[in-house]
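Worksheet for the structure shown next.
Chains as they are written, first to last, in our numbering: chain A, 102 to 385; chain B, 102 to 385.
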């Protein structure tokens, strides 16, 4: 998905909020803001939002002199999500439609996002998810595709959300699953460390994508990751960042599972902000 | 008031929205956005928001090839406000505290602002104003200052709002009143044309400030305007833009009358967004 002009003020706004949240000194906040403004004035608008977000977070890390400012936040949400694991399993177990319940819960986990929304209640989101209707519902097609597939690449999004992904992955134990994560820290996105902390290695082959973009920019990804992507029968991509970077990729069956977090994506996906989406790509 | 870093994403966001509202072609929208981003990356953050807004609107006018894109909007609101004039006069006449009622109504008129909020109902705002409490209420001091003053400079803000200012000005007919307006069009701010259209010349000496900033940047203003400013016993300044540019000016008794339209001003003035403010300057 190409950047919309509306994405730019949102990126600038995120920069201002995050730089305050991360404790940057006022002078450094202004320095970062100026650099992000300059970058935004020069960058190509023909690429996806994660292309520019990647550059913004590189600047943040440089000015903070910290390559992983969300480390503690990620650890906190890994632990918090793990505490929910038994009750989530119970919810799925007691459900008439286990698969759909697991899908909804995996989308609920997508709320743990410090890029677009920093205020959320994980508990309330889980509760709401249990009776939530999907705004876009290609779950039937996803289920059929899963039955047919043997090799599945599941692309994670945020740390902690990985636990919710695990709940869904555990619903198809007979498949060969690869769980893809970011190659380097960006916002609170899951890296190998987070996937391991949440026990994803017990249900999937973990693979880093080799990139520090908050999405999956294939040309940035490692050769190994691209091979797995190419060889997969099916890709399940979590979160807006993966949607924004992969929704125009052709020749591959991809399902996007995410919570709609902004008006731009709402308009693009044709559903309301806050909506839950299970969407099959058109070009697959 | 110096620019806060939070003002920058707001200015960028306004640029995106206004350029769409004003019918700029997509390529021109992007061109304008890039220019505003570059400008925002270079501009001094030690000046007030109207300093940068002035430059932004110059860019908008240049790219639109139209020095007054809000002309029709301004004419519409001049006419609409004039329709309310008789009922507003009636409200004031039937009030136990005429002065306070007139003050509140003049602040209600401040809602006609296409810079910060483009969606509003003038009728509903007037209705609400009649029973609204002032968030900051220096009306008593304003009234006393008016009694003592002989020469008063009243600084208008938006077109149409001028009618509401007239209602207030008509409450002190014995004073020598100057009504100041912007020197050139910027957003929907009132110029001489709008003040004349609303009959302000029947209650005050009209004076252009000679500047195209959406506020009163004294060093930008004409010699004539500055003389009137200097010689006034009292300045009544309407709107956030005048507050942002004059709230640190010393040696002059200034009262700021405005509706709070953003979190930055809310924090600065210590009251909620949507609040009505009558504030005496500290340095007067």
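Backbone N, C-alpha and C define an ideal beta-carbon position, used for all residues, glycine too. Owing to the predicted nature of the structure, the values given are computational and were not obtained by experimental measurement.
CB of residue i within 8 Å of CB of residue j, strictly
{"i": "residue 263(A)", "j": "residue 230(A)", "result": "no"}
{"i": "residue 239(B)", "j": "residue 356(B)", "result": "yes"}
{"i": "residue 242(A)", "j": "residue 143(A)", "result": "no"}
{"i": "residue 313(A)", "j": "residue 287(A)", "result": "yes"}
{"i": "residue 133(A)", "j": "residue 125(A)", "result": "yes"}
{"i": "residue 310(B)", "j": "residue 351(B)", "result": "no"}
{"i": "residue 250(A)", "j": "residue 183(A)", "result": "no"}
{"i": "residue 207(A)", "j": "residue 279(A)", "result": "no"}
{"i": "residue 316(A)", "j": "residue 267(A)", "result": "no"}
{"i": "residue 209(B)", "j": "residue 265(B)", "result": "yes"}
{"i": "residue 377(B)", "j": "residue 233(B)", "result": "yes"}
{"i": "residue 282(A)", "j": "residue 307(A)", "result": "yes"}
{"i": "residue 365(B)", "j": "residue 375(B)", "result": "no"}
{"i": "residue 227(A)", "j": "residue 273(A)", "result": "no"}
{"i": "residue 181(A)", "j": "residue 223(A)", "result": "yes"}
{"i": "residue 258(B)", "j": "residue 371(B)", "result": "no"}
{"i": "residue 383(A)", "j": "residue 146(B)", "result": "no"}
Beta-carbon neighbours of residue i, restricted to chain A and to distances below 8 Å
{"i": "residue 117(B)", "result": "106, 107, 109, 110"}
According to DSSP, residues forming a beta bridge with residue i
{"i": "residue 360(B)", "result": "377(B)"}
{"i": "residue 329(B)", "result": "The partner list for residue 329(B) (beta bridge, DSSP) is empty, contrary to what the question assumes."}
{"i": "residue 339(B)", "result": "358(B)"}
{"i": "residue 311(A)", "result": "Paired residue(s): none; residue 311(A) is not in a bridge."}
{"i": "residue 290(B)", "result": "259(B)"}
{"i": "residue 252(B)", "result": "277(B)"}
{"i": "residue 239(A)", "result": "According to DSSP, residue 239(A) bridges with nothing at all."}
{"i": "residue 282(A)", "result": "309(A)"}
Within chain A, partners of residue i - CB distance below 7 Å
{"i": "residue 141(B)", "result": "138"}
{"i": "residue 146(B)", "result": "131"}
{"i": "residue 134(B)", "result": "106, 109"}
Interface residues of chain B facing residue i [CB-CB closer than 9 Å]
{"i": "residue 103(A)", "result": "Within 9 Å Cβ-Cβ: nothing; residue 103(A) doesn't reach chain B, min ~11 Å."}
Cross-chain neighbours of residue i in chain B, by beta carbon under 7 Å
{"i": "residue 114(A)", "result": "110"}
{"i": "residue 247(A)", "result": "Ordered by position in chain B, no residue passes the 7 Å Cβ test against residue 247(A), which lies about 40 Å from the chain."}
Inter-residue spacing [alpha-carbon to alpha-carbon] between residue i and residue j
{"i": "residue 344(B)", "j": "residue 369(B)", "result": "11 Å"}
{"i": "residue 260(B)", "j": "residue 104(A)", "result": "36 Å"}
{"i": "residue 373(A)", "j": "residue 327(A)", "result": "33 Å"}
{"i": "residue 117(A)", "j": "residue 106(B)", "result": "7 Å"}
{"i": "residue 322(B)", "j": "residue 353(B)", "result": "17 Å"}
{"i": "residue 338(B)", "j": "residue 167(B)", "result": "28 Å"}
{"i": "residue 270(B)", "j": "residue 161(B)", "result": "34 Å"}
{"i": "residue 292(B)", "j": "residue 169(B)", "result": "11 Å"}
{"i": "residue 220(B)", "j": "residue 120(A)", "result": "31 Å"}
{"i": "residue 189(B)", "j": "residue 171(A)", "result": "55 Å"}
{"i": "residue 164(A)", "j": "residue 150(B)", "result": "26 Å"}
{"i": "residue 349(B)", "j": "residue 331(B)", "result": "15 Å"}
{"i": "residue 290(A)", "j": "residue 367(B)", "result": "34 Å"}
{"i": "residue 197(B)", "j": "residue 236(B)", "result": "20 Å"}
{"i": "residue 275(A)", "j": "residue 212(A)", "result": "28 Å"}
{"i": "residue 217(B)", "j": "residue 201(B)", "result": "26 Å"}
{"i": "residue 215(B)", "j": "residue 173(B)", "result": "12 Å"}
{"i": "residue 205(B)", "j": "residue 195(B)", "result": "14 Å"}
{"i": "residue 379(B)", "j": "residue 244(B)", "result": "11 Å"}
{"i": "residue 179(A)", "j": "residue 294(A)", "result": "10 Å"}
{"i": "residue 193(A)", "j": "residue 187(A)", "result": "10 Å"}
{"i": "residue 128(B)", "j": "residue 342(A)", "result": "25 Å"}
{"i": "residue 136(A)", "j": "residue 136(B)", "result": "15 Å"}
{"i": "residue 325(B)", "j": "residue 319(B)", "result": "11 Å"}
{"i": "residue 140(A)", "j": "residue 247(B)", "result": "51 Å"}
Chain B residues whose Cβ lies nearer than 8 Å to that of residue i
{"i": "residue 160(A)", "result": "Under the 8 Å cutoff, chain B gives no residues; its nearest Cβ is about 12 Å from residue 160(A)."}
Below-8 Å beta-carbon distance, residue i vs any chain C residue
{"i": "residue 197(B)", "result": "Chain labels in this structure do not include chain C; the protein chains are A and B."}
*Is it a yes or a no for the segment 103-123 of chain B touching the segment 143-157 of chain B, going by three-plus beta-carbon pairs under 8 Å?*
Result yes; three or more Cβ-Cβ pairs closer than 8 Å.
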